[in-house]
Structure formats: structure tokens, C-alpha cells
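> Protein sequences appear in the order of chains E and X.
Each residue of the first sequence is one higher than the one before, starting from 1 at the first, in the UniProt record's numbering.
Each residue of the second sequence is one higher than the one before, starting from 1 at the first, in the UniProt record's numbering.
Number of protein chains: 2
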Amino acid sequence: MKHHSLFKYLAPIGVIAAGIISAHAEEKPIIHDGEFEFVKKQHAQKWAAQDKEIEAKLANIREKNDGKRPNILYVLIDDVSFGQMGNRAMNYVMGIKTPSINKFANEGMSLMRMYTEPSCTPTRAAFLTGRYAVRSGIKEVKVALVGEGLPENEVTIAEVLKQAGYNTAHVGKWHQGDIEQAYPHNQGFDYAVFPLHQQVQLSLMTKECADANNMFGFAPHTQTSEFDLDSKFRPTGLVTGVEAVAGGKAKEVDLQPGEEWTQDHYVKMNYRYQKQTLDQLDKLAKEDKPFFLQYWPLWPLNFVNDGEENTTLNGGFHAEKLQKIDDFLGEIFTKVDELGISDNTIVVLMADNGLMYHYAGTSGLSELIYRGGKTNHLEGGVRVDAFVRWPGVVEAGSAAGDMVFVSDLFTTFARVAQATDYIPRDRVIDGIDQTALLLEGEHNGRRDYVYIYENDLLRSVVKNEFKMHLPAPGVPGAAAPVYNLYRDPREENSHIGMALWSGASFQDMVKRHMMTIKKYPHNKLGKGAPYEGIENLRPESIEAVKTFTSWQ
Amino acid sequence: MKHHSLFKYLAPIGVIAAGIISAHAEEKPIIHDGEFEFVKKQHAQKWAAQDKEIEAKLANIREKNDGKRPNILYVLIDDVSFGQMGNRAMNYVMGIKTPSINKFANEGMSLMRMYTEPSCTPTRAAFLTGRYAVRSGIKEVKVALVGEGLPENEVTIAEVLKQAGYNTAHVGKWHQGDIEQAYPHNQGFDYAVFPLHQQVQLSLMTKECADANNMFGFAPHTQTSEFDLDSKFRPTGLVTGVEAVAGGKAKEVDLQPGEEWTQDHYVKMNYRYQKQTLDQLDKLAKEDKPFFLQYWPLWPLNFVNDGEENTTLNGGFHAEKLQKIDDFLGEIFTKVDELGISDNTIVVLMADNGLMYHYAGTSGLSELIYRGGKTNHLEGGVRVDAFVRWPGVVEAGSAAGDMVFVSDLFTTFARVAQATDYIPRDRVIDGIDQTALLLEGEHNGRRDYVYIYENDLLRSVVKNEFKMHLPAPGVPGAAAPVYNLYRDPREENSHIGMALWSGASFQDMVKRHMMTIKKYPHNKLGKGAPYEGIENLRPESIEAVKTFTSWQ
């Protein structure tokens, strides 16, 4: 047993530029991770036979819909751990009511073991590219100017579907960076309305939050900064919400020059994205082409009372807004029904990672079931509620305990949209085609493992019920804690008796993963000047960029 | 603020003998705790009006059933925390399947906030007597000989219902002591089959568990005892399962003289109680009188593999048996249907306290949602799943977030059985009549508080969403941690901002409780020679009693 041998792989791998997009690369197989190939070899015949049945089923579904491929509506909620959506008992535990989400959950399949990355940017990148975020060079993106983002040579699901003839639209949180190549309308979306940054700026960096002491150090009126030399250390002049269409420039719409961002702006922004999603549904439903629409709301993140009367027993800032999101989603689902497109629309609702436990208390949401939350590799950080509704295709009221990773949606959406040929063949695609799971139900999943990263650091490896936390550098592999997730969902007892001996099998998995990386090295994070491609930059934003680049 | 004043009440109160049973004490009101009277005063008119409606409804239900009052089947599961029964998502978390329990849960009302005492004996006593166990002098009953138990002058729900004309039967765990007055057939049950002690003896003190090192120190073959002077410190000769009818003697049925207790005996005992419950249903359903049948299974407690092939993903000893209990309950519910008595039978299914986390790991069950488990006052110790099915009366698929304490079932069962007059009027009854909640649904509960004891020590006071942990003796009341249970279900953050200021209101609640105790002091624990009233004591049991009493 060579316990030490695997740890040399754990340092960030040298970044090598990835290849270009190879469109319509039929016949060439999708390149998957070593572990998937290892599992596939064990099921090759069965899966090949099943794939033929699935093709026939999909053709049959299209036939029923006059040849139109299914629309896809992808709703991604921010920072809500497993159990916090779609479960009546947990509603009672938290003192909130989410009847629309619960009803929706019962209309389709509950994916009981959906894994994400542990933070917003990586999960969204993993979905968009079908690849662990680390492969795109993507890490958590900070609140203020970074001059970084999703590289242009990554191929997003929007690009894949657009090439295959879909209309594509994005509404809400984006969080893939502040450089032009990273903007959604430059990454495959025909239409995009989104905040340039994320909710720390939008929901926390307000006068109201400073007054409530929920964001200290930012607002000059709550404390003096008499010794400051660097007036930009406390971010100012950040671009807020922008709107754009593919091929065009972005336009900031939420703030006028000289105007101060407030909680009221944030509330209005949330309502606006809701309205724009409804508007998009109205518009897209009428088109001949099928659509891919993603709605990524900003709520439940919220950190101060906004004057609306609370309606939950909980009263916490996030809990209140999670209930509000339920109202919003109720409207969305009703709209889909009213437009008569329910039967030919796949709706996926899920969260992007575990709860933002850093505000436990006032947020009203705290650890529930799994331990941990946003930013960490424990199940509480990466296990989320996920529901798929596709009436007449995905069994209503069903559930599946098969493992799914968020990037599997990339490959699965491509499959059901007949767009698989547009998936690039020059890079590793982590997304596994889970169409069989959706169409044939539980036990037809094709994944039994997931690697969990915190940014570019591999922190855990999950296989079936077992999860190994990688030991710190220098610590022998024999000391790696292994948990049985059914027996110990909170990952608290790693005694040897709790799981398979952690040695050979997990080491082999790490090796297969690292050797695949060696063969197909990670892409480089996109870099550029922040805020390019915005046509109406406010003077304070221009000033912010100028200062940001002044040291170089 | 007199923070210190309340703590003088916290020492165990001097025990004073309680009065005798005052049968048929109509007109005299039931004596409730001060806190209930305090709440009642705030709702007197509304409740009085509602009670009239409820009387009419109950009369109407009887009329529909040819004047027969409803049967009551009370199923009490051992050591399973909230969320571990009746919830599909949690099934997936734990890697088990409980379709029968989940189906049953959806056929009635889910009581989402059922509180118990934190251990088996106190919870069962609180149910049987309608009183906090501490009022009966009851504490946790140890595994071996104790010469203690439920006092004869306590009035159990079986006695109340029997006086009102019900047939009464008990099958399974009893755990109310090893003295004759405490036996179920001497506490109101016409028929009783039960183990004299509890599952530590039955499931842990076996050769198999000793070999597996799950119960060390007990079996001589797994370690020497060369320095022992006291051969009875390691219990031997304990009575196992007995059977009896009211007025008769108990007869041991599970073990022959000289025979050693084994895992196989335990398995058989579980199957036997299941069969006897089914037999009782067959028998009781045919009678003119309505019945009260309690089935208190021994499983899921189990600590070693019994040779049956495991069928769960979890594979843990308790997890496996929880799934087995699901099979058992499926049979029971089917039987109730087949007998044609479903519509006039109230079935309550719940657990007696939180999980036995002491065996987390091999048991397969660990903390889930709430923190803590059996033996402690945290929500994980005292919050359990509870479901009430009464077709046509209790709304199918409904849920209620109102607080309920296990003793409320005493008073509520008496009410629906028209047996309220037999509830004694000379002592405090903690059980609150929750018939309105069952018949009128959520928000019609009449409890917004509960006191949580660990044995005779008051450890927590709950009011609505707030929970105060009592500070240790000598610690100022201002330091008492208070939690908001919706925002912080795991009771981890007691910062002042998380809950109402802990001062006056909680202190008042403790005072009202203690002043009620002062007026109606606690009963004395029943005492006597162990094993009296057993007609076929084995020689080894006689020897055990002889040694037990030899020091006096």
C-alpha cells in the first residue's frame, strides 16, 4: 500500500490551454473521467442496449409533440441545503411554508442524491460546462472587481443547445466573472439579464445592512476610516444589474450615476427578474424553436428587513425569502401550465450548494440533516434538493437514490435536446448522461462516485455510501477518515468499522482522476479588464476600474 | 429580576403520597398545571364553544358506528428520533425503506411537534398516567432487578378506558418496573404479554453480543472475572417474557430453567409479539365492546446480526430492524383493514424518545435534524414522529405544527372514548385534551409549552418557538441559554438575538409549574419485592431475588 503516492497529485496542476471548440464532432466519443470509464466497462453491454430503447422513447416523445424537442426550464436556487426544499416535515422544522415547491416536487422525480460543488460560481460553472469547475480554471469569484471569469473557450450548455437550434435565455444571478467573455450573452444566451457581481454586493453592501451591523466596515457612516490610505479597499462604484442580447453590449439598468445602492433596489431587482422570467416564458413559448431558459433567483439571500411584513414562524431573513421564492415559483409553474407547454417542458429545480451557515441565526436557516454548508466539502455543502418534472415522461411522485452530479444535467439536457454532437470532444466532460435515470427511473443512474473540490483542492471522494476526506498534505493515507453516509450522514464518526478500509479503492479512484487531468490539463481562467462591453458605465465604475488596474 | 429565586425549586421536591382514585368524579374539573390554566384563561370562551361542537361531532361519529365508541390502537416504537419515520427523503438519507409507515403517515395527520420524555420508562409512564413521569415518582428503570415500578395508585389510561367499558390489551415492551403492582395486567389491561425488563437484557446481554464486543463485561467467556467477589454485579437469572390476564399471575414463557438467553430468543420474541398483536386484533374486533390495544414492539433495538440477510443500503442493526418494523406495521394496518374496523379505529403511531445514539455507527442510525437523542433534553431526545389515523374524522394527508406532549394522548383518548369522568380529580393531569386538534385540524391545539425533565431534574422549558435550557445550580438565570427552535433546530446558538430575553417569562413558567407541584406533590415510586406475582419463577431467578434482598 503506497499511501503517500497519491498526495503528490493534490497540489494544483499546471494549467495548459484547452483546445478549441470542435463543433458537430459526431462519432468521436465524449471524453469522460477515468473513473467513469472504469464503471462503464463494467456495464457496457447493458447501457448500450438501454441507450437504444431510450433513443426510441425520445423519438416517440418528439413525435407526440409535433417533432418539437422539449423546452428546458432550469431553476437554480442559491444556498439551500438538502431537505430545505420540497419537504413538508422540514417546512415544519424550519417554521416556513413552501406549498408550491412541495407540490412541484411531487409532480416529478426527486433526485435524492444530487451533488453540487460547494459554492455558487463553481456549481454554476460545472453546470454550464459539464465539467468540474476546476477544469475551467474557475474558482469562487469574489464580490468586487476581479478581472476574471468563465473562459471564452469553454463550451456552455447554452452554446450546445443554441447550436442545436434552441432559443436560449438567462435571467438572474450569473456570477461567472466581470470580464466580457464571461457574460452570459457571450456564452451562448440570446437574451441575458443579470447582476454583474453577486449578492454580497447586492444584499449586504447596503446602508441598511451597515446600520443593522450585518456588514461592517463597508459604509463610512457606521465607522470612521480616519487612517485609510486606500479608499478602494472598501469597494465602491461596482456595476449592478445589466441587460444584453447576444452579440450586443451590456447596459446597466439598476443604478444611475451617483445613486447609492439600497435594500430597496435589491427588492426591486428580485421582483424584476421574476417578471422578466414570466415575460420570457410568454415570449419563448410562442416560438417554433424549443427554448432553454434558466432562472437563477437572487433570493433567498437577504440580510435585513425590507419593510414587508414577515409571514413565517421563523422570521429569519433567508427563511422569509425562501417562502417568497415559493410564491415566485408558484407563479412560474402556473405560467408554464397556462401557456400549455407543461407536457413538453422539462423543469429542473435545485439549489446550487448548501446553506450560507455563516449567517445562521438571523438568516433563520441553520444546519439540517447534513453537516456543513456553503464553501465546504461536507455533505451539507454539496448535497441539495433537486426535482425534475417532465409530465408523462418522468414518473410523477417518484424518487431516485442514484447519485447525480450537477454537471450531469449538461450532458443529459444535450441528450434529450438531440444536441449531443455539439458537446466538445477535446476536453474532459464530467457530466454523465443520466437520461436513463429520468426515463427508466431509480436504479438506472450511471454514476456511483463524485469528486468534491473546494476551489482547486480535492477534499473528498465519494463512492456509493462511502466518503473519504482527503488527509492534509503529509498525513498518511491510512489516516484518511472514511464515512458511511447512510449510517453517519453528518460525517462525524470515521472509525474503521464505519466504512470500507480506506486504502486501495479510494487511492485508485484518485489516481484515475489525476491521470485523466494529466492527459487533459485544466483550462486557464479567463482574464481581462473588468467591465469591458458595458455601454453605459457610470463614472464611479470607470474610476473603480482605473484604480483596480493602477498598480500594474 | 430575581434570577436566583427560581432555582430553589429545582431540587427534587419532597415526595408526598398522592390520593386514591376517585372514580366517576363528574363535575369536578381536571386539575391541570398552572401554565395550562394560565393559557386557558386566555382562550376560555373560544374553547368552551368549540368543545360543544366537538361533543356534537363525536356523538355523530358514534351514531355512524351504531353507537360504538372508537377502538384505539396505540403503536409505540422504541428510540427513533424525529424524521426517522414516515418521511421518504429521510428514508433516502438513512438508506432504508419504510413504505408502510410512509403510507400510513399520509392517511392521517402528522403531528409535527410531538414531545415525549427523553427515555423509555418516563415516556411510557407519561402516556399511561397522563402525567409527567416525575409526578408518579417514575425515573428511568434499570435493566436488572430494582424492586420498583409504576405505583398502584396511579390511574392508567387502560384503567380509565376499562372503567368506561373498553376491552384492553397490551403487547410488547412495558418497562414500568419489576414489582407486581406495576405489571400491565395489574394496571388496567385485561390481557398482557410483555418482557419483565427491557431490551438491554433481551438484545444486548447475549453471548452473541458479547462475542461481537457490543456488551462487554457481562459474559464470562469473553473475559475473566478472577477478582470478582460479587457474582451478581453481572446480572444473571433475570426473568424474560411473561404473559398474564387481569387478576391472574404472570407466567414466564420465553425461557426454561437453566436455559441461556440468546439472540435467537430475542428474534423469536419479536415475531411472537407481532403475531400476538395480530391475534388480539382478530379477537378484539369481534367483541361488542370497543378496544384499547397497545403494541409496543422491541425492535428496532438490536445489536448483532441475527443471520437474516440484510436488505437495506444501511445495514446497521437498528436501521435493518426499523425496516423490519415497517413490514410488521404493514401487516398490522392490513389486518385492521381486513377486519373492517378501520373507520372506527384510531391508530396512533409514534416513537417513545430520540434515537439510541450511544450505538451510532453499528446501529446505522445517527443524529438527524435535531441534536441529541435518548436520555437527553435536547430536541433530538424528545421530538418524535407521530401520526394519527382516524379515517373520515382526522383529515388524511394533513399535518399540524401545534405542540403536543405524549401525555395529551391520555386525556384525548379518554375524551373520544367518553371516559373523561374516569380521569382522577385528585392529582395533576398534564395531558391536555387535544381532540379539537384532531377533529378541527392544525392551529386548534391547546398547548404551547412543555417542561422537559431528565428523570426528576427539570432541564428545559419550551414555549412556542423558544426553548430555555435551565442553567446549572448556582448559575444566574441571565446566563440561561435560550434557543429559537425554528431558526436553530439543533440548539447550537443561544445568543440573545436568537430568542426572547430569557428573563421574566420563562421564570414565570417555572414558578407556575413549581407552585402546582407544591400544591399537588409528587407520588411515591412503587416499591416491593421483585418478581412477585410470577407463578413459574426459574430457580436462577429465585436465586437472583434472594441475593438482591440479602443486604437489607
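For glycine and all other residues, C-beta sits at the position ideal for the given N, C-alpha and C.
Along the chain, where does the beta strand (DSSP E) that runs through E/R371 open and close?
Element bounds for E/R371: n/a, residue is neither H nor E.
> Which chain E residues are close to X/L301, counting only those with a beta carbon under 8 Å from its beta carbon?
Under the 8 Å cutoff, chain E gives no residues; its nearest Cβ is about 16 Å from X/L301.
> From X/D79 to X/I101, what distance separates their C-alpha atoms?
About 16 Å.
> Give me the chain X residues within the contact set of E/G330, using Cβ-Cβ distance strictly less than 7 Å, ordered along the chain.
Within 7 Å Cβ-Cβ: nothing; E/G330 doesn't reach chain X, min ~19 Å.
> Determine the contact status of X/V160 and X/A351, defining contact as a CB-CB distance below 8 Å.
No, Cβ-Cβ distance for X/V160 and X/A351 is not below 8 Å.
> Within 10 angstroms of the Cβ of E/K64, are there 16 or more other Cβ atoms? Answer buried if so, exposed if not.
With fewer than 16 Cβ atoms within 10 Å of its Cβ, E/K64 is classed as exposed.
> What residues match up with X/F466 in a beta bridge as DSSP calls it?
X/K463 and X/N484, per the DSSP bridge assignment.
> Does the beta-carbon distance from X/I332 to X/P300 come in below 8 Å?
No, they are not a contact pair.
> Is the beta carbon of X/W501 within less than 7 Å of some heavy atom of the ligand FMN?
Questions concerning the ligand FMN fall outside what the structure shown contains, since it holds no ligand whatsoever.
> With burial defined as no fewer than 16 other Cβ atoms inside 10 Å of the residue's Cβ, what is the status of X/V475: buried or exposed?
Exposed is the call here.
> Answer yes or no: do X/L378 and X/L365 have a C-beta to C-beta separation smaller than 8 Å?
Not closer than 8 Å, so no.
> Near E/A169, which residues of its chain fall below 8 Å by C-beta distance, leaving aside the five closest residues on each side in sequence?
Cβ within range, chain order: F189, D190, Y191, A192, Q280, L284, F291, F292, L293 and Q294.
> Evaluate X/I271 with the Cβ neighbour count: other Cβ atoms within 10 Å of its Cβ, from every protein chain shown; 16 or more gives buried, anything less gives exposed.
One detail in the question is off: residue 271 of chain X reads as Tyr in this sequence, not Ile. X/Y271 should be labelled exposed.
> Mind checking whether X/V428 and X/R62 have CB atoms under 8 Å apart?
For X/V428 and X/R62, no; Cβs fall outside 8 Å.
> Would you please verify whether the beta carbon of E/L322 is less than 8 Å from any beta carbon of chain X?
So no, E/L322 is outside the interface.
> Spell out whether any CB of chain X is found under 8 Å from the CB atom of E/E208.
Output row for E/E208: interface = no.
> By DSSP, does X/G381 sit in helix, in strand, or in coil?
Reduced to three states, the DSSP call for X/G381 is helix.
> Which of the three DSSP states, helix, strand or coil, is assigned to X/G217?
DSSP places X/G217 in coil when its eight states are reduced to three.
> Consult DSSP for residue 610 of chain E and reduce its assignment to one of helix, strand or coil.
Here chain E has residues from 1 to 552 only, and residue 610 of chain E is not among them.
> Going by the beta-carbon positions, is the gap between X/L278 and X/G95 smaller than 8 Å?
No.
> Quick one: is X/Y92 near chain E, going by C-beta distance under 8 Å?
It does: the Cβ of X/Y92 has a partner Cβ on chain E nearer than 8 Å.
> Helix, strand or coil for X/K142? Go by DSSP, reduced to three states.
The answer is coil: DSSP assigns X/K142 none of H, G, I, E or B.
> Per DSSP, what kind of secondary structure is X/V348 in: helix, strand or coil?
It is a strand residue.
> On a Cα-Cα basis, can you pick out the residue from X/G108, X/P118, X/G380 and X/Q176 that is closest to X/V141?
Considering only alpha carbons, the answer is X/Q176.
> Near E/G397, which residues of its chain fall below 7 Å by C-beta distance, leaving aside the five closest residues on each side in sequence?
So the qualifying residues of the chain are N106.
> Taking DSSP as the reference, what is the three-state secondary structure of E/Y191?
Three-state result, E/Y191: strand.
> Residue range of the beta strand (DSSP E) that E/L409 falls in?
No beta strand (DSSP E) contains E/L409, which is instead part of the alpha helix (DSSP H) from D408 to V416.
> Using the Cα positions of X/V348 and E/E492, report the straight-line distance between them to the nearest angstrom.
Approximately 34 Å between the Cα atoms of the pair.
> Quick one: residues in its chain with C-beta nearer than 7 Å to the C-beta of X/A219, no 5 flanking neighbours on either side, listed in chain order?
So the qualifying residues of the chain are K207 and A210.
> Do you know whose CA, among X/T516, X/G137, X/D178 and X/M114, lies nearest X/L143's CA?
Going by the sequence as given, residue 143 of chain X is Val instead of Leu. Closest option to X/V143, Cα to Cα, is X/D178.
> Opposite E/A250 in the DSSP bridges: which residues?
DSSP output for E/A250 lists E/I534 as bridge partner(s).
> Quick one: grab the DSSP three-state call for E/H175.
In the structure shown, E/H175 sits in coil (DSSP, three-state: anything other than H, G, I, E or B).
> For E/L437, which beta-bridge partners are listed by DSSP?
Bridge partners of E/L437: none, in fact.
> Report the rounded CA-to-CA distance for E/M515 versus E/G34, giving the unit in angstroms.
Taking the straight line joining both Cα atoms gives about 8 Å.
> Leaving aside the five residues before and after E/T334 along the sequence, list all residues of the same chain whose C-beta is less than 8 Å from its C-beta, in chain order.
Hits under 8 Å: none found.
> Quick check on the DSSP output: what are the complete alpha helix (DSSP H) runs of length 4 or more inside the region 68–97 of chain E, in order along the chain?
Runs found: 88–94.
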